[in-house]
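>
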């Protein structure tokens, strides 16, 4: 429903399609968790895969997981999983997207005792910004080269 309203709004205002794509991409900017399985059977390929995974825009953290350390877990916002898989396939070889999903935010547990503490309302302090005075006056000096009486063209 949100995307339909945005499309309808964008067509009414005659916005370009690129602007509409940016709006939709902004809506999808939630924290993601991507798990990628790859055939990195030596240390060199593992380091190369890690370097590529970190270079993708939007990645906040990267970690090796799995029993053989053959899976990479990426978390971040707005990660393009298809672009990531393509880059890894070109450099490392076999790459498979295991899962792409959102990250659940863990809420801190509520305190056991709910004691209400009331604080006195403090009125906001009035702060006046510093007043800057007027600028320093200056005079423009036109040199003699502007008033040449020997000009014959005019």
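In the UniProt record's numbering, the protein residues as written are 1 to 154.
Heads up, the beta-carbon is just placed ideally off N, CA and C, and yes, glycines get one too.
Check for me: the beta strand (DSSP E) holding residue 34 runs from which residue to which?
31-38
> When DSSP labels each residue in this structure, what does residue 67 get in the three-state scheme?
coil
> What's the C-alpha gap between residue 141 and residue 130?
33 Å
> Is residue 97 helix, strand or coil when you go by DSSP?
Correct three-state label for residue 97: strand.
> Please state the DSSP three-state secondary structure of residue 54.
helix
> Does the distance from the C-beta atom of residue 59 to that of residue 79 stay below 8 Å?
yes
> Are there 16 or more other CB atoms within 10 angstroms of the CB of residue 95, so buried, or fewer, so exposed?
buried
> Consult DSSP for residue 62 and reduce its assignment to one of helix, strand or coil.
strand
> Taking DSSP as the reference, what is the three-state secondary structure of residue 126?
coil
> Just mark residue 84 as buried or exposed, buried being the case when its beta carbon has 16 or more other beta carbons within 10 Å.
buried
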